[in-house]
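Using my numbering, read the sequence shown as starting at 1 and increasing by one per residue.
Glycine residues also receive a C-beta, built at the ideal position from the N, C-alpha and C atoms.
A quick note: this is a predicted structure, and the numbers were derived from the prediction, not measured.
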Amino acid sequence: MAEVTVEEVADAMYDLVVSMKGKRDLKPMDVTKAMIEKFGDEVDKRMCKKALRSVIDSGRLTYKYAGGSYV
1 MAEVTVEEVA DAMYDLVVSM KGKRDLKPMD VTKAMIEKFG DEVDKRMCKK
51 ALRSVIDSGR LTYKYAGGSY V
């Protein structure tokens, strides 16, 4: 199987957060755990952190602070 890229993980993160909009606020670790569950051993926390940073830097997602940080 082809290696998963940071861009693929970032797109999957974006899709996850959009699908949860209005249902539940996700913390960064919730998103990371979901990506590790989805892609298995092909991703790690470091790759997820890079992907999350790229999605936030691009303006597709934002951080929200309300008693903790949320995506």
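Whole-angstrom C-beta distance between residue j and residue i, which should lie under 8 Å
{"i": "A12", "j": "K38", "result": "6 Å"}
{"i": "S69", "j": "P28", "result": "6 Å"}
{"i": "I56", "j": "C48", "result": "Between C48 and I56 the Cβ distance is about 12 Å, and since that is not below 8 Å, they are no contact."}
CB contact flag (residue i, residue j, <8 Å)
{"i": "R46", "j": "Y14", "result": "no"}
{"i": "E42", "j": "E3", "result": "yes"}
{"i": "V31", "j": "V71", "result": "yes"}
{"i": "A34", "j": "L52", "result": "no"}
Sheet register partners of residue i (DSSP bridge)
{"i": "Y70", "result": "K64"}
beta-carbon residue i near the ligand ADP non-hydrogen atom, thresh 7 Å
{"i": "S69", "result": "Summarising the ligand content, the structure contains no ligands, and the ligand ADP is consequently not present."}
Residue from the options whose Cα sits closest to the Cα of residue i
{"i": "Y63", "options": "D25, T5, D44", "result": "D25"}
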